[in-house]
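Novice: First, the structure itself, so that you have it in front of you.
Numbering (the UniProt record's numbering), first residue to last: 1 to 279.
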């Protein structure tokens, strides 16, 4: 087996020998240029024809040996017929759809960019407009059932501060994983309960509010329910969704997933549970 140095030396000798032969042929042609001009023209024609056949063979070999740019960007399937591209082709004449044009930078909007405290963030999504609807609709229902109570003080109307405290109590119940506990255990004063529940409101008031809590007017619900199955919470739900959309701008890469929310009440469009789509 030839080493690299010996192979280079051999190729150099062959190159020099080829150059000497070419020079000798050129001198011979110059010496006989006047006498054998016609023979030279015939040789030139034969040489051109020979080169044409050789060039054709070389071009055929190059087509067989080298891959074209298109072949490097695609491959054939198992059926040897289907051709798959490795990159997605985007024609220059094709326009981007209007819905796929990102016009805003992803991330928090100007209204939520400076929010730092958890309470500030919560108050943005559940603003006073949403809470006022809850207070108004709840008081409307309390007024309709007030005559059923012996003592009028047991059915007093609620207000914005009490609704905030009521929502906070529900949050705290979730923090203590008390969804399967009896409410009396949370308000117990024998040392086994949680003091923050008793400080927020009494157990009787909590049960009354959770019974009377409403998100729409009961007087117009039947008419709205004919065209909207989500009528009992539509006003609050739409405002909450609008706050979510205005508070954060998603990027062009968004995953939409679903979750099943547990629910025990009555619902006309529920099959097994509520299915909520979130991004």
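Using N, Cα and C, we set each Cβ at its ideal position, and we do this for glycine too.
With 16 as the cutoff for other CB atoms within 10 Å, does residue 260 come out buried or exposed?
Specialist: Answer is exposed; the Cβ neighbour count stays below 16.
Novice: Less than 8 Å separating the beta-carbons of residue 83 and residue 76?
Specialist: Closer than 8 Å, so yes.
Novice: Can you list the beta strand (DSSP E) stretches of 3 or more residues lying completely in the segment 104–160, in chain order?
Specialist: The segment 104–160 contains no whole beta strand (DSSP E) run of 3 or more residues.
Novice: With burial defined as no fewer than 16 other Cβ atoms inside 10 Å of the residue's Cβ, what is the status of residue 254: buried or exposed?
Specialist: Residue 254 should be labelled exposed.
Novice: Evaluate contact between the segment 196–204 and the segment 158–177, counting only Cβ atoms and requiring at least three cross-stretch pairs below 8 Å.
Specialist: In short, these stretches touch, since the Cβ pair count reaches three.
Novice: Helix or strand or just coil, what does DSSP make of residue 180?
Specialist: It is coil, neither helix nor strand.
Novice: Hey, quick one: how far does the alpha helix (DSSP H) through residue 223 stretch, first residue to last?
Specialist: Taken as a continuous stretch (DSSP letters only), the alpha helix (DSSP H) holding residue 223 covers 221–225.
Novice: Ignore the nearest five residues each way along the sequence and tell me which others in residue 221's own chain have a CB closer than 7 Å to its CB.
Specialist: The residues are 231 and 232.
Novice: Suppose you measure from the CA of residue 111 to the CA of residue 117; what does that come to, to the nearest Å?
Specialist: Approximately 14 Å between the Cα atoms of the pair.
Novice: Which of the three DSSP states, helix, strand or coil, is assigned to residue 74?
Specialist: In the structure shown, residue 74 sits in a strand (DSSP, three-state: E or B).
Novice: Cutting at 8 Å between CB atoms, please list the residues of its own chain near residue 134, excluding the five before and the five after it.
Specialist: Excluding positions up to five away in sequence, the list reads 163, 213, 214, 215 and 236.
Novice: From the DSSP output, in three-state form, read off residue 257 for me.
Specialist: Correct three-state label for residue 257: strand.
Novice: Check residue 197 in the structure and name its three-state DSSP category.
Specialist: Residue state, collapsed to three classes: helix.
Novice: Express the C-alpha separation of residue 248 and residue 129 in angstroms, rounding to a whole number.
Specialist: Distance between the alpha carbons of residue 129 and residue 248: 19 Å.
Novice: I need the boundaries of the beta strand (DSSP E) containing residue 234, first residue and last residue.
Specialist: Where residue 234 is concerned, there is no enclosing beta strand (DSSP E), although the alpha helix (DSSP H) it sits in stretches over 234–247.
Novice: Among 119, 109, 206 and 136, which residue has its Cα nearest to the Cα of residue 218?
Specialist: For residue 218, the nearest C-alpha among the options comes from 136.
Novice: Express the C-alpha separation of residue 227 and residue 155 in angstroms, rounding to a whole number.
Specialist: Approximately 33 Å between the Cα atoms of the pair.
Novice: With DSSP as the reference, identify every bridge partner of residue 84, one or two as the case may be.
Specialist: Note: residue 84 sits in a beta bridge opposite 75.
Novice: How about residue 157 and residue 170: are their beta carbons less than 8 Å apart?
Specialist: No, the pair does not count as a contact, with Cβ atoms beyond the cut-off.
Novice: Indicate the three-state DSSP secondary structure (helix, strand or coil) for residue 6 in the structure shown.
Specialist: In the structure shown, residue 6 sits in a helix (DSSP, three-state: H, G or I).
Novice: Could you say which of 189, 14, 12 and 103 lies nearest to residue 252 if we only look at CA atoms?
Specialist: Looking at the Cα atoms, 103 is the closest of the given residues.
Novice: Look up residue 101 in the DSSP assignment and say whether it is helix, strand or coil.
Specialist: Here residue 101 sits in coil by DSSP.
Novice: State yes or no: is the C-beta of residue 109 within less than 8 Å of the C-beta of residue 246?
Specialist: A contact, by the Cβ cut-off of 8 Å.
Novice: Looking at residue 124 and residue 131, is the spacing between their C-beta atoms short of 8 Å?
Specialist: It is not a contact, given that the beta carbons lie outside the stated cut-off.
Novice: Using a Cβ-Cβ cut-off of 8 Å (strictly less than) and excluding sequence neighbours within five positions of residue 87, which residues of its own chain qualify?
Specialist: Closer than 8 Å at Cβ, skipping near neighbours: 73.
Novice: For residue 127 and residue 175, I'd like the C-alpha separation in whole angstroms.
Specialist: Each residue's Cα considered, the two are about 22 Å apart.
Novice: Between the beta-carbon of residue 194 and the beta-carbon of residue 186, is there less than 8 Å?
Specialist: Yes; because the gap between Cβ atoms is below 8 Å, this pair is in contact.
Novice: Straight-line CA distance for residue 179 to residue 122?
Specialist: Straight-line Cα distance between these residues: approximately 22 Å.
Novice: So what does DSSP say about residue 252, is it helix, strand or coil?
Specialist: The answer is coil: DSSP assigns residue 252 none of H, G, I, E or B.
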